[in-house]
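Note that our numbering numbers the sequence shown so that position 90 is 90, with each residue one more than the last. For glycine and all other residues, C-beta sits at the position ideal for the given N, C-alpha and C. Computed from a predicted model, the values in this text were never measured in an experiment. Structure, as structure tokens:
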Amino acid sequence: MSLSDTFIKRPVLTTVCSILIVLIGLIAIPSLPIENLPPIAPPQIQVNATYGGANSLVTEQAVTNVLEQQINGVPDAAYISSLTTNTGQSTVNVFFDEGSDINIDQVNVQNRVSLAMPQLPSQVSSTGVSVIQTTPSILLAYQLSSTEGQFDAAYLNGLIYRELFYQLERIPGVAQASLFGGSTPAFWLFIDPDRLTAYQLTADQVVSAVQSQNTVAVGGLVGGPPSTGNQAFTYPILVENNGNLVSIEDLNQLIVGRSPQGNLLRLQDVGEATYGFNTFATQGVNIQGHPAITIGVYQTPDSNALQVSQAVVALMDQFVASLPPGVTLTQIYNVGQFIESAVDGVVDALGLAIVLVLVILFVFLQDWRATVVPSLAIPISLIGAFAFIKAFGFSINQLTLLGLVLATGLVVDDAIVVIEAVAKNIETGMRPRQAALACMGELIGALIATALVLMAVFVPVAFYPGGIGIIYRQFALTIAFSIAISAFNALTFSPMMAALVMRSGKPPAPKGWVWPVAGVVVGLAFGRFSAASFGNGAYLAGVLVFGLAGSRLEQIFSLFNAAFARLERTYASTIARLIEHRRLILMGLAGGIVVTVLAFGALPSAFIPEEDQGFGLGIYQLQNGASLTQTQQLGQQIAAVLKEEEDITSAGIISGAGFNGSSPDQGLFFFGLKPLEERSGRAHKAPAIVGRLNQKLGGLSGGLARASQPPAVPGFSAQSGFYFQFNDLSNGAYSFNQLDELAQKLVATGEASGSFSTLYTQFIPSAPAFGLKIDRSILGSLNIDFQQAMQTIAVLAGGNFSGLTYESGQARNIYVQADAGGRGKLDDILSYYVRSNDNQLIQVSEFATAELTSAPPVISHYNLYRTILVQGAEAAGKSSGQALTAIQTIFRRLDFNNIGYAFTGIAALQLSAGSASVLVFGLGVLIVYLVLSAQYESYVTPVVILMTVPLAMLGALVFLALRSIDLNIYAQVGLVTLIGLAAKNGILIVEVAEQHLEAGMEPAAAAMAAAESRLRPILMTAIAALAGFLPLVLATTAGANSQQSLGTVIFGGLLVATVLSLGVVPPFYVLIKQLEARWFPAASEDATEDSTQDAIG
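Have a look at this one:
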């Protein structure tokens, strides 16, 4: 009695089990999050501080170094990087090990920052230091502009903060919202230094006036406790406006002192108050060149991108409804839309795979009753797998859905084997139930072995750590879940259904209209799932082809049967000759293995292929010391270039900002593209668009400009390509110029190698600057306090945070600074006056001189070392893996002294993936071998089954090479899956051959009989599986590159494995059995005795 007998005899129990599997899966589906990829980027905590008026060198020493030294060594940190700018901005990014709790990470960093606070300058402490969870990739980008440029950036900026900004940052999963070309609104008190001096005033007096008169003032209570016994009321004494100056009018009326004649002096007498930005460091325009604010929304590392984007879009829709006439909000891009499109594309591939698999089954079985049984295996296995996806904490993403697409072609295999065996028994005269009971006794071993092999290959994957482990795990285990349910289904539900629905002979012919109508229905289903790739014409093509096939079904069956009969005869004669020449087969097999090893080394490697995500981005940079105005002029040229491209719908061009630190001489831009379905043809895809843009941008005068696609995996970096940290290990022995010379030598050598399409660094070692040299002796003789003198200069030249006020309940900073005419040239700074301790006004030029010096606009650190970030991408015809190898080779050849390097971002993960794939592949083969050894109680027999694996790999690699696809992570996952697929056909042949051998046949006869009997089920399962994989091979929708990589490997590998297993396994089986009898005669005799005893018993 076999395991299946109970389920065959109790159909209600069996159907209840299957219904429960489906119900649990259906319950799990709505609660699963949807995303493009599982979160594989490392958790990131960002620390931000601002030292207003300080240059990069001062900020590095006083702020960045202090923060880094305290944060260094925080638990679970992988590495620390930082950016320090000439605008006094210090940004420290702490990247943590994958799997760490980001909330705990944030608390740990916050505690370290708290320890650093007493060591920071008071100005930094007063403005605050933020510690946030973030990612470097922008999830959504919107742009607020006016239709004709009638509103300036300050108005647009204020509109965002009053109506949108704070609601946006309250959305769960939003880490921060950054305004490019804008910032937090603020009040600026711009002072005319000449008028200030004329009234015998100094800048510090204006600051003091703001601090003393703009304050939260509180009153008291009239009749408050303790009071007399007959007190009848209590009410507060109100101070108007709570003491804050809340408007430009209030600030202009601020009393700053008295004139020499004793009259009150107000701010409007020495300057004016304006409403503007917290910082004026960036300026943005739209694609028409009008002032615009670009809003970048970042998500928290542990959030769901699709849910966050949907919430942001809903808020933006509300915001649009409240906009005044003449103001428009444009979505530049939304990564959530790409995620939805990519997931929909895989769902379509899944649906199309199901349609094609069912058609193939029907053509082979030619019996609707027989087709029903394996058809029901698909929903049971795939829907049931969602319960495991939920239990393991996975999500609905490209990896899990691609796993289900592959499973579609696999889960019907076991049911097909059962149906074939039951049908053969029925043909011998058995009743359906008797036929089902009889065949399961023979098949249960093969079914269990096949399932164990297919699942065993994924066991090492489940335990692999890090981001690579997440990719392997979610894909592979999803397939394993489906196969486990499929195996249970094949042992229980499939034989029960076969016993119920199968009958001897052909079913009665339905009415003449049934099959044409069924063909039309199948054609409509085909069109539904392929229209996204091939257009609405797929509906017409599907209806015509399948409808016509339905009307000519008998003719099609006759032609198919005749062709298959010829194939069986040809195969029988061919396999006999192959067994006779088995030693030649062995030699060919050995040669194929050698070629496979060589092919692995020759095929270029990559990590995750770049996809057309519907948007792009870029950078631009001018020469050292360029002003923001000059950078804006280049930005206007870029806007004109973007406007010329017909596929670009919108763009944000921001001068003064950068992805790796900001400075006046650089900028960045984003551009959105038409939907993918409106951009047919290679010339309208993102790579071609970026290529054309770079040709045009290369012709611009005055600076460097480059466009690129977004990174394939969000969360690692803002731009695509690799990030190479060129680290100064000399403890400051190298000057910035010397360090830059070494980095430029690396870049020049790399460019000459031809391995890179781009290789550059944005580092500028010495942007021109003026340094004030203070003569302390003269300062002392003039009785001037050094700190007060420096404070006066800093206020007028750099701006000083002087206090807070409120606008609509929101805090707004107040800054004091000289107006533009009072700080436009060096002489203006030297003409400032400071007050001595004996109340005399002394000009700065009397105790200070200026000299031309330099400071880097941006200083970068990696793990506390100064570093220069080198960015690059592979050349055409090269892979990203080859580019990474090339830059390392060049670095080692140049042999720098006291210089190190490190990869950050996606490149670091890619390098770790190289060794991971070899380990996972090797362990997969080993575990499959061990499982088969246990199944067959032999260490020799599994060698026969696994001999086709290397050649299946060769087939997969050849197909990749023919389609010019790199050996990326999807292809590597496919190769691991291919181990089980390639072994599956061998199992079916060897299992039957072993049964014939135990029955007394010679190895050659047993092998031939097994091969002939297994030809039809092997071809049926293989062709069904190949049909299921075909939608991935032909994918053209969002995420197509990933789908094509996986589909090409599985399709090509399984095609080759199927052909070779039919041709190679039988002769190799005979050869191995002969060698086993010669080398291990005792084992062979024991096996013969055991089989004889089993027969007698």
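Item: Tell me the start and end of each unbroken beta strand (DSSP E) in the region 641 to 694 that is at least 3 residues and wholly inside, in chain order.; Value: 648 to 655 and 666 to 673
Item: Which residues does DSSP pair with Ala971 in a beta bridge?; Value: Paired residues: none, contrary to the question.
Item: Just tell me which of Thr371, Leu352 and Leu447 has its CA closest to the CA of Leu406.; Value: Leu352
Item: Kindly identify the DSSP beta-bridge partner or partners of Gly616.; Value: Phe671
Item: Taking Cβ positions, are Thr282 and Phe180 nearer each other than 8 Å?; Value: yes
Item: On a CA-only basis, which of Ala77, Ser1042 and Thr85 is nearest Val94? Give me that one, please.; Value: Ala77
Item: Among the candidates Ser717, Ser708, Ile784 and Ser627, whose CA atom is the shortest distance from the CA of Ile769?; Value: Before going on, a small fix: residue 769 reads as Ala here, not Ile. The candidate whose alpha carbon is nearest that of Ala769 is Ser627.
Item: I need the boundaries of the beta strand (DSSP E) containing Gln61, first residue and last residue.; Value: Run containing Gln61: none; DSSP gives neither H nor E here.
Item: What are the boundary residues of the beta strand (DSSP E) that Ile45 is part of?; Value: Gln44 to Thr50
Item: Check the DSSP bridge columns for Asn334 and list the partner residues they point to.; Value: Leu140
Item: For Ala209 and Trp188, I'd like the C-alpha separation in whole angstroms.; Value: 14 Å
Item: Can you tell which of Phe659, Asp740 and Ser766 has its C-alpha closest to the C-alpha of Ala718?; Value: Phe659
Item: May I ask you to verify whether the region 1013 to 1022 touches the region 404 to 423, counting CB pairs closer than 8 Å and requiring at least 3?; Value: yes
Item: Helix, strand or coil for Trp513 per DSSP?; Value: coil
Item: Taking only the alpha-carbon atoms, compute the straight-line gap between Asn241 and Glu163 and give it to the nearest angstrom.; Value: With a pLDDT of only 49 at Asn241, under 50, the local geometry of the prediction cannot be trusted, and no value is derived from it.
Item: Using the rule of at least 16 other Cβ atoms within 10 Å of the residue's Cβ for burial, across every protein chain shown, is Val113 buried or exposed?; Value: buried
Item: What residue from Phe475, Ile556 and Gln762 has the CA that sits closest to Trp515's CA?; Value: Ile556
Item: Kindly list the residues whose CB is nearer than 7 Å to the CB of Thr1092, restricted to its own chain and excluding five residues on each side of it in sequence; keep chain order.; Value: Because the pLDDT at Thr1092 is just 43, under 50, the model does not fix this residue reliably, and the value given afterwards should be weighed accordingly. None.
Item: If we require 4 or more residues per run, which alpha helix (DSSP H) segments fall completely within the region 512 to 562?; Value: 514 to 534 and 537 to 551
Item: Run the CB neighbour count on Asn425, radius 10 Å, all protein chains shown included, and call it buried at 16 or more, exposed below.; Value: buried
Item: Pull up the distance between the alpha-carbon of Gln167 and that of Leu159, whole angstroms please.; Value: 13 Å
Item: Kindly indicate which residue of Gln205, Ile24 and Thr50 has the alpha-carbon position closest to the one of Val816.; Value: Gln205
Item: What do you reckon, are the CB atoms on Ala1027 and Val357 nearer than 8 Å?; Value: yes
Item: Do Ala349 and Pro1031 have their CB atoms nearer than 8 Å?; Value: yes
Item: Here's the rule: buried if 16 or more other CB atoms are within 10 angstroms of the residue's CB, otherwise exposed. What is Thr400?; Value: buried
Item: Helix, strand or coil for Ser1098 per DSSP?; Value: There is no way to answer for residue 1098, as the model of the chain reaches only from 1 to 1097.
Item: Exposed or buried, what is Arg812 when buried is set at 16 or more other beta-carbons lying within 10 Å of its beta-carbon?; Value: buried
Item: Any idea which residues DSSP pairs Pro768 with across the strands?; Value: Ser854
Item: Quick one: measure Cβ to Cβ for Asn108 and Pro136, integer angstroms, because I've assumed they're closer than 8 Å.; Value: Between Pro136 and Asn108 the Cβ distance is about 20 Å, and since that is not below 8 Å, they are no contact.
Item: Out of curiosity, what's the CA-to-CA distance linking Thr574 and Phe529?; Value: 40 Å
Item: Quick one: grab the DSSP three-state call for Phe722.; Value: strand
Item: I'd like the list of long-range same chain contacts for Phe615, defined as Cβ closer than 7 Å, with 5 residues on each side in sequence excluded.; Value: Ile332, Tyr333, Phe670, Phe671, Gly672, Leu673 and Pro710
Item: Figure out for me which residue from Gln623, Ile45 and Gly652 has the closest Cα to the Cα of Gln666.; Value: Gln623
Item: Per the DSSP calculation, Val958 is bridged to which residue(s)?; Value: Per DSSP, none; premise fails for Val958.
Item: Tell me whether the beta-carbon of Ala639 lies closer than 8 Å to the beta-carbon of Ile648.; Value: no
Item: According to DSSP, is Gly469 part of a helix, a strand, or is it coil?; Value: helix
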